[in-house]
Every structure is written in structure tokens, then in C-alpha cells.
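First the structure, in the form of C-alpha cells, and then the observations on it.
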Amino acid sequence: MLTPDEAAAVALSLKVATLATLASLPPAVAVGWLLARRRFPGRLLLDALVHLPLVLPPVVTGFVLLRVFGLRGVAGAWLHDTLGITFAFRWTGAALACAVMAFPLMVRAIRLSLEGVDVRLENAAATLGASPLRAFADVTMPLAWPGIVAGAVLGFAKAVGEFGATITFVSSIPGETQTLSSAIYALLQVPGAESRVWALCGVSVAISLLAMLAAEALLQRQRREPAT
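The opening residue of the sequence shown carries number 1 in the UniProt record's numbering; numbering runs sequentially from there.
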């Protein structure tokens, strides 16, 4: 059984991961399509920038977010003064950090899925009078949908387990920004709390494993579809 604070951390992680995934999915589809279907100057640079959070230390990403979206940052000050939106040391900031860290995984899965769609089918739809947007919605999306969903699931799993960027950007405030990972880290500093750490680790493993199994099942389904 989890304590109320631990249950709150798990619930917050699920809320943060869900919001991060939903917010990242549309731009991830757009960027994935751009990288899969278009050749343009700077394409390699865009690809590198998209995947940069995967190779940077998460603390660096969190620090950059704090400097940009903190109350003294250019974007953060404008959002706070103009729209009343605050990211630093708020759960919304945790969602932003998780979205940034999950975005590369989502783009990669979606891009591979889109590259697997036969362009001739899109061209055939165009010859029948479909606009590019209509061809994308009616032809490309249904064929690439398993990969898109798999990318979303992978992004969700990454967001649930995110720690470095989140704790750097929004700290670990119980009930406000303390996610599952930061709750585990906090318990590691408490003597005699090993059983509580194991409990939260079990919850984390269960959530991540279910997400990965769902993503793999969708990818396997996509691989089998062309042969059926």
C-alpha cells in the first residue's frame, strides 16, 4: 500500500505524462512528417536539434528550461505577465520538461512509421482529386496510425520516468511538483525507507513495462499488416 503522499506522486506523474504526451503529439507528427517526406536545406540540423535532448544531460535541459521559462526568463516573464501562465516550480513546468524529453522518442517512432507508408498511395489519392491535407488524413494517417500510437506510448513512458530535467526546472515540492521519480529520490535520503523505495520502484516498473509492451505490440502489428 502507498502512503497518501506516494499515491499523490504517482497520480501527478500520470497527469504530467498524459498532458506532456497530448501536447507533444501534434508537433511530433508534423516534424516526423517533415523529416520523412521533405528534403530541404537544414534538414540534418533540424534532425539533430530534435534529438538533442536524448544525448544532453537532462540537468542541462532542465537548466535551459529554467532560464527560458522561469519567471526571469524571456518567455517565462512574458507568459506570466501577459497570460498569467507560470511554469517554474509548478506541475505545468513538470509537464513541459517531460514533453521536451519525450519529444525526440515520439518523433523518431512517428517518422519511421511515416517512412513505411508507400508514397504511391498518396500520389494515387492526389490524382483522384484529394488535396494534400485530405490525402494525409485519409491515406497516410490510417496507415501510419499504429506507429503514431506507439510513439505516443513511448513518449508517455519516458515522461513517467523523467527525473533530471524535471527536478532541475521545478524542484520536488510534495503535492505540487513531486513526481514518482523525485519521490523515489527523496525517499533514498531517508534512513529505513527502503521498503517504500521498493514499492514506488515496483509501481514505476509496472507502468513503464505496460507502456513498452503496448508500444511493441503496436509496432509488431504494423510490421505484419503489409504482409496480410
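Beta carbons: idealized from backbone N, C-alpha and C, even for Gly.
Remember, predicted model here, so these are calculated numbers, not experimental data.
Supposed contact pair residue j and residue i - C-beta distance, whole angstroms, cut 8 Å
i, j, result
"serine 113", "glycine 155", "Going by Cβ atoms, the distance from serine 113 to glycine 155 rounds to 13 Å, so no, they are not a contact pair."
"isoleucine 85", "glycine 32", "Going by Cβ atoms, the distance from isoleucine 85 to glycine 32 rounds to 27 Å, so no, they are not a contact pair."
"leucine 218", "valine 149", "5 Å"
"alanine 99", "alanine 23", "5 Å"
"alanine 97", "leucine 56", "Rounded, the Cβ-Cβ distance is 13 Å, inconsistent with contact."
"glycine 62", "threonine 168", "3 Å"
"alanine 130", "alanine 20", "Not really, about 33 Å apart at Cβ, beyond 8 Å."
"valine 68", "valine 74", "7 Å"
Three-state class that DSSP yields for residue i in the structure shown
i, result
"alanine 130", "coil"
"leucine 71", "coil"
"isoleucine 110", "helix"
"arginine 196", "helix"
"proline 104", "helix"
"arginine 221", "helix"
"isoleucine 85", "coil"
"isoleucine 146", "Going by the sequence as given, residue 146 is proline instead of isoleucine. Three-state result, proline 146: helix."
"serine 171", "coil"
"glycine 116", "coil"
"arginine 90", "coil"
"glutamate 122", "helix"
"arginine 37", "helix"
"phenylalanine 156", "helix"
"proline 26", "helix"
"proline 191", "coil"
"glutamate 216", "helix"
"alanine 227", "Because alanine 227 sits at a pLDDT of 43, beneath the cut-off of 50, its placement in the model cannot be relied upon, and the following sentence gives the value as read from the coordinates. Helix at alanine 227."
"phenylalanine 163", "coil"
Residue range of the unbroken alpha helix (DSSP H) whose run includes residue i
i, result
"methionine 1", "First-last for methionine 1: undefined, no H or E at that position."
"aspartate 47", "43 to 55"
"leucine 180", "180 to 188"
Same chain, Cβ closer than 6 Å to residue i, neighbours up to 5 away in sequence not counted
i, result
"proline 58", "Gly164 and Ala165"
"threonine 18", "none"
"alanine 144", "Ser113, Leu114 and Val117"
"leucine 121", "Val139"
"leucine 79", "Ile85"
"valine 153", "Ala211, Ala214 and Ala215"
Cut-off 7 Å between Cβ atoms - residues of its own chain near residue i, not counting five sequence neighbours on either side
i, result
"phenylalanine 89", "Val170, Ser171, Ile173 and Thr177"
"alanine 157", "Ser208, Ala211 and Met212"
"tryptophan 91", "Leu12, Val16, Glu176 and Thr177"
"alanine 28", "Phe103, Met106, Val107, Ile110 and Gly151"
Close Cβ partners of residue i (< 8 Å) along its chain, the five nearest in sequence each way excluded
i, result
"leucine 200", "Leu2, Glu6, Ala9, Val10, Leu180, Ala183, Ile184 and Leu187"
Any C-beta of chain C under 8 Å from that of residue i
i, result
"alanine 211", "No chain C appears in this structure, which consists of one protein chain only."
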